[in-house]
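Respectively, the protein sequence lines represent chains A and B. Numbering-wise, this note's numbering puts 294 at position 196 of the first sequence, and it's gapless, one number per residue. Numbering-wise, this note's numbering puts 357 at position 300 of the second sequence, and it's gapless, one number per residue. Note that CB positions come from ideal geometry on N, CA and C, so glycine has one too. Worksheet: one structure, shown below.
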Amino acid sequence: MLKLLTILRKNLLIKSVIVLVIFAFNGCKKGCTDPLALNYDPNAKKEDQSCEYESFNKQGLLDNLANSFILPSVEAYKTNVENLNTASTTFTSSPTTSNLSALRTSWENALLTWQDIAFLDFGPATYIVLKSQTNTYPADTAGIISNINSGSWLLTIASNNDKKGFQALDYLLFMPGKTDQEIVDYFTNTTNASTYLNDVTQDLVVNATYIHNQWNSTYKDDFINNNETNAQGSSVSDVVNALNLHYEYYLRRGKLGLPLGVFNGFSQQPMPELVECYYYGQSLPFAIRAVESLQKFMNGCNYLIPEENNLGLDDYMDFTNAQQGNSLLSEVIDNQFAEIVAALNGLNDPLSNEVVVNNAQGHETYDKLQQLVPLIKVDMTSALGVQITYQDNDGD
Amino acid sequence: MTVIKKWTALLINKPISISSLVVFRIVFGAMMFTSTLRFILKGWVDELYINPTYFFTYYGFEWVKPLSENGMYVLFGLMLISSIFILLGFLYRINIIAFFLIFTYIELIDKTNYLNHYYFVSLISFILIFLPAHRYFSLDSFFGICKKTALVPVWTINILKLQIGLVYFFAGIAKLNYHWLIEAQPLTNWLKHQWDFPFIGELLTQDYVAYLFSWGGALFDLTIFFILINRRLRIYGYILVVLFHVMTSIMFPIGVFPLVMICSTLIFFSAEFHTKIISFFSNKLFLKKLSLNNVLYNPSNSIKTSLKVLFIFFICIQLFLPFRYLLYPGKLFWTEQGYRFSWRVMLIEKAGYTQFYVHEPEKDRKMLIQNCSYLTPQQEKMMSTQPDMILQFAKHLNEIYKDSIIVEGDEIIHLQNPKITADVRVSLFNKGNKIFIDPTVDLSKENRGFKHKDWIINYED
Numbered sequence: 099m100l101k102l103l104t105i106l107r108k109n110l111l112i113k114s115v116i117v118l119v120i121f122a123f124n125g126c127k128k129g130c131t132d133p134l135a136l137n138y139d140p141n142a143k144k145e146d147q148s149c150e151y152e153s154f155n156k157q158g159l160l161d162n163l164a165n166s167f168i169l170p171s172v173e174a175y176k177t178n179v180e181n182l183n184t185a186s187t188t189f190t191s192s193p194t195t196s197n198l199s200a201l202r203t204s205w206e207n208a209l210l211t212w213q214d215i216a217f218l219d220f221g222p223a224t225y226i227v228l229k230s231q232t233n234t235y236p237a238d239t240a241g242i243i244s245n246i247n248s249g250s251w252l253l254t255i256a257s258n259n260d261k262k263g264f265q266a267l268d269y270l271l272f273m274p275g276k277t278d279q280e281i282v283d284y285f286t287n288t289t290n291a292s293t294y295l296n297d298v299t300q301d302l303v304v305n306a307t308y309i310h311n312q313w314n315s316t317y318k319d320d321f322i323n324n325n326e327t328n329a330q331g332s333s334v335s336d337v338v339n340a341l342n343l344h345y346e347y348y349l350r351r352g353k354l355g356l357p358l359g360v361f362n363g364f365s366q367q368p369m370p371e372l373v374e375c376y377y378y379g380q381s382l383p384f385a386i387r388a389v390e391s392l393q394k395f396m397n398g399c400n401y402l403i404p405e406e407n408n409l410g411l412d413d414y415m416d417f418t419n420a421q422q423g424n425s426l427l428s429e430v431i432d433n434q435f436a437e438i439v440a441a442l443n444g445l446n447d448p449l450s451n452e453v454v455v456n457n458a459q460g461h462e463t464y465d466k467l468q469q470l471v472p473l474i475k476v477d478m479t480s481a482l483g484v485q486i487t488y489q490d491n492d493g494d
Numbered sequence: 058m059t060v061i062k063k064w065t066a067l068l069i070n071k072p073i074s075i076s077s078l079v080v081f082r083i084v085f086g087a088m089m090f091t092s093t094l095r096f097i098l099k100g101w102v103d104e105l106y107i108n109p110t111y112f113f114t115y116y117g118f119e120w121v122k123p124l125s126e127n128g129m130y131v132l133f134g135l136m137l138i139s140s141i142f143i144l145l146g147f148l149y150r151i152n153i154i155a156f157f158l159i160f161t162y163i164e165l166i167d168k169t170n171y172l173n174h175y176y177f178v179s180l181i182s183f184i185l186i187f188l189p190a191h192r193y194f195s196l197d198s199f200f201g202i203c204k205k206t207a208l209v210p211v212w213t214i215n216i217l218k219l220q221i222g223l224v225y226f227f228a229g230i231a232k233l234n235y236h237w238l239i240e241a242q243p244l245t246n247w248l249k250h251q252w253d254f255p256f257i258g259e260l261l262t263q264d265y266v267a268y269l270f271s272w273g274g275a276l277f278d279l280t281i282f283f284i285l286i287n288r289r290l291r292i293y294g295y296i297l298v299v300l301f302h303v304m305t306s307i308m309f310p311i312g313v314f315p316l317v318m319i320c321s322t323l324i325f326f327s328a329e330f331h332t333k334i335i336s337f338f339s340n341k342l343f344l345k346k347l348s349l350n351n352v353l354y355n356p357s358n359s360i361k362t363s364l365k366v367l368f369i370f371f372i373c374i375q376l377f378l379p380f381r382y383l384l385y386p387g388k389l390f391w392t393e394q395g396y397r398f399s400w401r402v403m404l405i406e407k408a409g410y411t412q413f414y415v416h417e418p419e420k421d422r423k424m425l426i427q428n429c430s431y432l433t434p435q436q437e438k439m440m441s442t443q444p445d446m447i448l449q450f451a452k453h454l455n456e457i458y459k460d461s462i463i464v465e466g467d468e469i470i471h472l473q474n475p476k477i478t479a480d481v482r483v484s485l486f487n488k489g490n491k492i493f494i495d496p497t498v499d500l501s502k503e504n505r506g507f508k509h510k511d512w513i514i515n516y517e518d
């Protein structure tokens, strides 16, 4: 065995020697100029597109995902949540309709940015159950009112997860049956409600800061360096499992399937009250943002400059030559993302109304969302050598 | 005739030192103790036998059911105790029988957990029931519970060698297929992710290395038995065994299997080797050092006819099982009809996705089933690629919903004879997901059993 391996090593050596000799004889200045490539030629001055990557740079992938997407998105989220908190304190100290509208805008911005990081549910986010703490819906509106009326609340306990976060704010900032002035009046007259509002936004800041600090201290390096295998607990496995779970459960099911009634037994009656941002009446921008973010992330795009596309899961799939039909799997997935966005754009807000009056088109859109599931859950995971399992076990 | 007699004498009746058997018993006991303990400490008793609400039984073994939480832990506790007693050779016969029965019972509870090495452990512990492995260097012989024996007929050791040989040989035969040899699948896929393997990672991702490993692995499996029984080559064979299994254990999450094989193959070493091991320890233990010549064993009539028949039957079944797939039409790796109990180890890369529907035929509408409400993630994953499990789950759904009343809003639905269908997508060898079973077939009407499942869609390359 050992002998064999040394021979192979020598073979590799022999190969490179031959390549070097050929280059030397040609006296060629063209060649592969990428030091990461197998056939990197230090003498080459001009790139001639000949670079071969027989090995996939997993560390490079994780490095790119962390540095060009995760860190800037977490940074943006933290900033937006801090702005939300500031807008909230501004509004509660001087409750006016214009401050209310500023608060709503910063709420919307923060919630949009949340879609960019919601699927990063591993490491620090899992540790503090960030997703449930941040955006559980439907919000327990009766619970929110009773919290406010009681005058005391402990937002950090899990039973309050549906009485805080973005969806509690959705209710508080767009109280049904109230004009803007009436909402302003409500907060003017109800000190507890103002405190509650500030506490909820402050709670978002605390969690965002935690995630931000973790990624900016030790976790980033842990994440990048945990690349020896794709087995359970490795970063690649964490990422793939997290985005599968997020897509299947929170996006496909939560953002459209549930309100549409797909999961509602035989009758499949729509459940309009289950849409995200029910009181705001705008759900689709958040769903579209969630899909687009996932797509950008998988393709290894830079968060701030999406045109900058580096090593992503798509490249990893291409490296394993994963196919679907006669096309590259990565292209099929990318096209499916595009179709989903187009279909979502074809629907109209308020989604809570649309799922009732335009149920058929809703189902067509849902089918597009559904079609992506086997592509990422079956094909992508096996291409990347990742197992979808949330259980530890032996194989053979 | 004389030739047959000669071989019978050489392979069955010849007296040989008991030491190989003793060491095997001790090593087996120790391995079973540690792997059972590992199993418990990883929380797998809860995860695999207590948390699930449904279990995929084997056909004909529906009566095998998990015990209560306490009951399961008692079983695992008994396995720990019996493996320690096997190691010590204390009330050996009772304990090895108990171990075999408990271990096999637990394995039969849920086919989700089927692993070839669990099957191997069941077979070995079954064989050990009939072997006098406790007759020396054991508490049984120390306390006089059984007679001390220095010599045993050679069949008692050869049957173990044969069992191990069968495992490797059939694992080798299973590799002689188009995907393994011509496409170097699934290793090509798997090795691509081994770039960070210590020292040789970069090499492992080369295509020719996948071929080398595929062919080398097949050759290893087919020949290792013959190398190990050869006196001169044995040591090299064993080094190969160690290298092979250490390598696979680093690359793939295969738990204790490599250790089990590395330890079990020690049996191929000579009796003198094992005697040395025992005398090395017996100097340090309270047991008196015994010269093997002190006690004699008469090897005439070394194996009872009934036992002989039993073992011939036992081996014949094992020779048949790996080939039973030939009785089914279709592609074995796709349909998995006749796949288990055949030493097909790390042969396929397969992943699937299942969506079940319960139909209300009267009104032509259907309800989506969320697998996670009924199955653990591991069960769902294993079911998604195996037709017999898909059928079992469909029938389970039928049992739940047949003749049930469901209230939805203002509507009361009386489901009399629900139809169960499934959309299943499976990818084999990472070649893109394909439709796996006929989505129009009412699975609740299909029967379990060994008959060909004609609702599996044919695999097209």
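About 7 Å separates the beta carbon of B:Trp212 from that of B:Leu68, a gap short enough to meet the 8 Å contact definition. For the 8 Å CB-CB criterion, B:Phe450 and B:Met439 do not form a contact.
For B:Arg422, at least one C-beta of chain A is nearer than 8 Å to its own C-beta. For A:Tyr308, the closest C-alpha among the options A:Asn197, A:Leu467, A:Gly221, A:Gln393 is that of A:Gly221.
Put simply, the CB of B:Tyr516 is far from chain A, with every gap to its CB atoms at 8 Å or more. Residues of chain A whose Cβ lies closer than 7 Å to the Cβ of B:Ser484 are, in chain order, Val476, Asp477, Ser480.
Residue range 278-287 is occupied by the alpha helix (DSSP H) that includes A:Thr286, with no beta strand (DSSP E) assigned at that position.
Here A:Ala329 has Ser335 as same chain residues with Cβ atoms under 7 Å from its own Cβ, once five neighbours each way along the sequence are excluded. Residues of chain B whose Cβ lies closer than 7 Å to the Cβ of A:Ala329 are, in chain order, Pro310. Cα atoms of B:Asp467 and A:Lys353: separation of roughly 25 Å, rounded to the nearest angstrom.
Taking 8 Å as the upper bound on Cβ-Cβ separation, chain B lies near residues Val360, Phe361, Asn362, Gly363, Phe364, Ser365, Gln366, Gln367 of the segment 355-375 of chain A. Excluding the 5 residues flanking it on each side, A:Arg387 has same chain C-beta neighbours closer than 6 Å at Leu210, Gln213, in chain order.
Around the beta carbon of A:Thr316, a 10 Å sphere encloses fewer than 16 other beta carbons of the protein chains shown; the residue is thus reported as exposed. Assignment of beta-bridge partners to B:Leu485 by DSSP yields B:Lys407. For the pair B:Tyr106 and B:Ile154, the CB atoms are not nearer than the 8 Å cut-off.
Put simply, the segment 464-481 of chain B touches the segment 409-420 of chain B. At least three CB pairs are less than 8 Å apart. For A:Val337, no chain B residue has a Cβ inside 9 Å of its Cβ, as the nearest lies near 14 Å away. In this structure, the beta-carbon distance from A:Ile438 to A:Lys466 falls below 8 Å. Of A:Asp297, A:Tyr377, A:Glu346, the smallest CA-CA separation from A:Asn183 is found for A:Asp297. For B:Asp278, the CB contacts under 6 Å within the same chain, skipping 5 residues up- and downstream, are Tyr225, Ala228, Gly229 in chain order.
A distance below 8 Å separates the beta carbons of A:Ser381 and A:Val373. For B:Ser461, the enclosing beta strand (DSSP E) has its first and last residue at 461-465. For the segment 464-480 of chain B, the beta-carbon criterion of a distance under 8 Å to any beta-carbon of chain A is satisfied by Glu465, Gly466, Glu468, Ile470.
Leaving aside the five residues that flank A:Glu390 on each side, the residues in its chain whose CB is nearer than 7 Å to its CB run, in chain order, Val439.
Closer than 8 Å to the CB of A:Phe395 there is not a single CB belonging to chain B. Bounds of any alpha helix (DSSP H) do not take in A:Leu163, whose DSSP letter is neither H nor E. The beta carbon of B:Ile360 sits closer than 7 Å to those of Ile69, Pro210, Trp212, all from its chain and outside the five residues before and after it, given in chain order. By the criterion of at least three beta-carbon pairs nearer than 8 Å, the segment 81-92 of chain B is in contact with the segment 176-191 of chain B.
B:Val303 has its alpha-carbon roughly 29 Å from the corresponding atom of A:Met478. Taking the beta carbon of A:Lys466 as reference, no residue of chain B falls within 9 Å; the closest one sits roughly 15 Å away.
At a cut-off of 4 residues, the continuous stretches assigned as alpha helix (DSSP H) that sit fully inside the segment 211-260 of chain A are 222-225, 228-233, 239-248. For A:Met478, there is no enclosing beta strand (DSSP E), as DSSP marks it with neither H nor E.
Here A:Tyr345 is buried, its C-beta having at least 16 other C-beta atoms within 10 Å.
Assignment of A:Tyr269 by DSSP, reduced to helix, strand and coil, places it in the helix class. Between A:Tyr235 and A:Gly355, the gap from beta carbon to beta carbon reaches 8 Å or more. B:Thr442 and A:Gly275 have their C-alpha atoms spaced approximately 52 Å apart.
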